[in-house]
Amino acid sequence: MRMVDLIEKKRNGEAHSEAEIDFIIQGYTAGSIPEYQISAWAMAVYFQGMNEEERSLMTNAMVKSGDTIDLSGIHGIKVDKHSTGGVGDTTTLVLAPLVASVGVPVAKMSGRGLGHTGGTIDKLESVPGFNVEITNEQFTALVNKNKVAVIGQTQNLTPADKKLYGLRDVTATVNSIPLIASSIMSKKIASGADAIVLDVKTGAGAFMKELADAKELAEAMVKIGNGLGRRTSAIISDMSQPLGNAIGNALEVKEAIDTLRGEGPEDLMELCYVLGSHMMVAAEKARSLEEAKAHLKEAIQSGRALEQFKTFIEAQNGDPSVADDVQRLPQARYQMEVTAEETGYVTGIVADQIGTAAMMLGAGRATKESVIDLAVGIVLKKKIGDSVKAGEALAIIHANQAHGESIIQTVRQSFSIDKEAITPPPLIYDAIH
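According to the UniProt record's numbering, the sequence shown holds residues 1 to 433 in order.
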């Protein structure tokens, strides 16, 4: 088999066989196929696409390129939730203890984030003492005992995907549905879950800005997952503005605690109920989404979900008292108000710009070497559709350095204010099974 023939085949719009896809992925991972040939092939895929079978074969080939996690020692149906990412996405911090409190085992493997804020692990490490460096045996034992644990990604999962992702980034082939879908699903399948619930974001602050593209990606991933024997469903949710109000690490943990108490922002609470309901049905802990939502609401109202959060934190050496006293979380030295310059209604919030401002404060990593400041970030005081008076706070900046006017201006310019009110966009656009 010659790589040049496979490039030509895909360039002409033909489908690859399993042997051909394995040859490409194995050869690239091993270093026997040069980057210039993979670049040409990725561009051919970008223009010609892949059929359903090719997408599944591609995903499976990437899973086989590295280690896979064995979760068979954990009792019950393991459900993993994956978000395609956005700004202020605090759902994992709420969902892990929430669904664990109704009996769904959550074995969460998380990375450290590159981008606006840290990953789930960085956020959890803002809880004093919290430790994710546990062995696989401890991880399994904790999930069996408490229904929830989080471990850092140490294994060599999907090395083919890591290599291909880096290449796509510099060859203008990132926005290819087959390549995105197989990239995300290979990581999820290698992580060992039995069922997968996907939260595919759409809108200005999302990777998939157009609803039609988000829907196409969601459908592609659901087909791959189900085709490879994982019960998979997807929710398409809005990211035209940040989710919830907090963007930052400790600030998002505080917001998650508020939400587990039933006092969180409306949009975050609703999305957690929707995703949590799908997770419960997938884990066969509820017969319908309505029944599942009732169980989740009861877990929050009774205080069981917050207790589960404390158990989870304490089991991994964290200080559970943060749930009762959020002042124990890292606090920023300065708080600066971003005020509105005119009276009217908020008609838009540029989520990316808010995220970038949070990163400038130190809440996220610009490069893998960057050190995160867990205390800093931004808390929104107004969302799309809210009325605002001139001089009223749009957001509060939490900072450890005196950043001055430039960061205030960046946040202020993220808000559009008009005389006419608008209806906020829907939170949930679709569910795909």
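Don't be surprised by glycine CBs; every beta carbon is placed ideally from N, CA and C. Nothing here was measured: the structure is a model prediction, and the numbers come from that model.
**Request:** Run the CB neighbour count on Ser387, radius 10 Å, all protein chains shown included, and call it buried at 16 or more, exposed below.
**Result:** Here residue 387 corresponds to residue number 387 of the sequence shown, with the count starting at 1. Exposed, by the Cβ-count rule.
**Prompt:** Is the Cβ-Cβ distance between Val127 and Gly205 less than 8 Å?
**Reply:** In the sequence shown, counting from the first residue as 1, residue 127 sits at position 127. In the sequence shown, counting from the first residue as 1, residue 205 sits at position 205. Taking the C-beta atoms as reference points, Gly205 is found no nearer than 8 Å to Val127.
**Spatially closest choice to Val106 from Thr117, Asp67, Ala149 and Thr68, by CA coordinates** = As a working note, residue 106 is residue 106 in the sequence shown. Residue nearest to Val106 within the set Thr117, Asp67, Ala149 and Thr68 is Ala149 (criterion: CA-CA distance).
**Request:** For Ile378, write down the residues that DSSP places opposite it in a beta bridge.
**Result:** Within the sequence shown, residue 378 is the residue found at index 378, counting from 1. The secondary-structure analysis by DSSP pairs Ile378 across a beta bridge with Ile247 and Ile397.
**Three-state class that DSSP yields for residue 480 in the structure shown** = The structure shown does not extend to residue 480, since the chain spans only 1 to 433, so no value can be given for it.
**Prompt:** Under 8 Å, do Ala323 and Leu296 count as touching if we go by C-beta distance?
**Reply:** As a first step, residue 323 is located in the sequence shown; it is residue number 323 there, counting from the start. As a first step, residue 296 is located in the sequence shown; it is residue number 296 there, counting from the start. Contact: no.
**Request:** Could you pull out every residue in the same chain whose Cβ sits closer than 6 Å to the Cβ of Ile313, ignoring the five residues on either side in sequence?
**Result:** Along the sequence shown, read from residue 1 onward, the residue named residue 313 stands at position 313. Same-chain partners within the cutoff: Val127 and Pro320.
**Start-to-end residues for the alpha helix (DSSP H) that takes in Thr339** = The sequence position of residue 339 within the sequence shown is 339, counting from 1. From DSSP, Thr339 is part of no alpha helix (DSSP H) but of the beta strand (DSSP E) over Tyr334 to Thr339.
**Request:** Measure the beta-carbon distance from Gln155 to Ile69 and round it to whole angstroms, keeping in mind my assumption that it falls under 8 Å.
**Result:** Locating residue 155 in the sequence shown gives position 155, counting from the first residue. Locating residue 69 in the sequence shown gives position 69, counting from the first residue. Contact between Gln155 and Ile69 holds, since their C-beta atoms are separated by about 7 Å, short of 8 Å.
**Span separating the alpha-carbon of Ile77 from that of Arg231** = Counted from its first residue, the sequence shown places residue 77 at position 77. Counted from its first residue, the sequence shown places residue 231 at position 231. Roughly 10 Å separates the two Cα atoms.
**Item:** Identity of the residue in Gly364, Gly262, Ile384 and Pro34 nearest Gly303 by Cα
**Value:** The residue labelled residue 303 in the question sits at position 303 within the sequence shown. If we check each option's Cα against that of Gly303, Gly262 comes out closest.
**Terminal residues of the alpha helix (DSSP H) in which Ala40 lies** = Counted from its first residue, the sequence shown places residue 40 at position 40. Its alpha helix (DSSP H) spans residues Glu35 to Gln48.
**Request:** Would you mind sorting Phe47 into buried or exposed? The rule is 16 or more other CB atoms within 10 Å of its CB.
**Result:** Position 47 of the sequence shown, counting from 1, holds the residue named residue 47. Exposed is the call here.
**Message:** Just to confirm the assignment: which complete beta strand (DSSP E) runs, minimum length 3, are found wholly within the region 120-204?
**Reply:** List check, beta strand (DSSP E) in window: 148-152 and 195-202.
**Request:** Out of Gly203, Glu255 and Ala294, state which residue places its alpha-carbon closest to the alpha-carbon of Gly85.
**Result:** As a working mapping, residue 85 is identified with position 85 in the sequence shown. Of the candidates Gly203, Glu255 and Ala294, the one whose C-alpha sits nearest the C-alpha of Gly85 is Gly203.
**Asked** To which residues of the same chain is Gln301 closer than 8 Å at the C-beta, ignoring the five residues directly before and after it?
**Response** Counting from one through the sequence shown, the residue named residue 301 turns up at place 301. Cβ within range, chain order: Gly262.
**Asked** From which residue to which residue does the alpha helix (DSSP H) around Ile21 run?
**Response** Counting from one through the sequence shown, the residue named residue 21 turns up at place 21. Counting along the chain, the unbroken alpha helix (DSSP H) around Ile21 starts and ends at Glu18 to Ala30.
**At least three beta-carbon pairs within less than 8 Å, the region 414-426 to the region 365-373** = Not touching, per the Cβ criterion.
**Prompt:** Beta carbon of Val94, beta carbon of Thr259: below 8 Å?
**Reply:** By 1-based counting over the sequence shown, the position of residue 94 is 94. By 1-based counting over the sequence shown, the position of residue 259 is 259. Contact flag set, yes.
**Prompt:** If you follow the beta strand (DSSP E) that His82 is part of, which residue opens it and which one closes it?
**Reply:** On the sequence shown, position 82 is the one that residue 82 refers to. Per DSSP, the unbroken beta strand (DSSP E) holding His82 starts and ends at Val79 to Ser83.
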